[in-house]
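Written out below as structure tokens is the structure these notes cover.
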Amino acid sequence: MDLGQQLLDLFLGALPTVIIVFFLFFFLRWAFWGPLERALAERQAATEGARKQAEQVIAKANEKMRQYEDALRQARAEVYRQQEGGRQQAVEERTRIVRDARERANDSIRRAKLEIARDVDEAKKALEAESERLAEEIARSLLAPPAGERHA
């Protein structure tokens, strides 16, 4: 029984150490690990909340970016429409100017043709008058007696 007694003595000698270790374990669990676990849980919750909040902020930013791009696309389309309207007005103005210039040119050509026709008529009349005068002069000179015979 010596062995049993030794084991009993060893157990009784180790019992205060075991009690102190259990006491220390529960004390550390209550004083250190409990608050540490709560702090870690709070930190995890805060991190998860911050992550979710960041996702929401990113989603809002993406939505605002999409709205901005839509607004920008619409503004560009409006600018293009205005430019097209201005270009169309410029084309219409250019067409009107060309049409007016063509009409003025046609009027000038018509007036020039009328003037030329008048000049041709006047030239014909002048030629007719001149030809009649020349014909009379030629006829007179042919029909008139020679200069020496007239006196005789």
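So in the numbering used here, the last one in the sequence shown is 149, and the numbering has no gaps at all.
Quick reminder that beta carbons are idealized off the backbone N, C-alpha and C, glycines included.
Note that the structure is predicted; figures quoted are calculated from it, not measured.
Inter-residue distance for L21 and E60 is about 56 Å (C-alpha atoms, whole angstroms).
Counting along the chain, R73 sits inside the alpha helix (DSSP H) bounded by residues G31 to L140. In the DSSP assignment, A28 falls outside any alpha helix (DSSP H), carrying neither H nor E.
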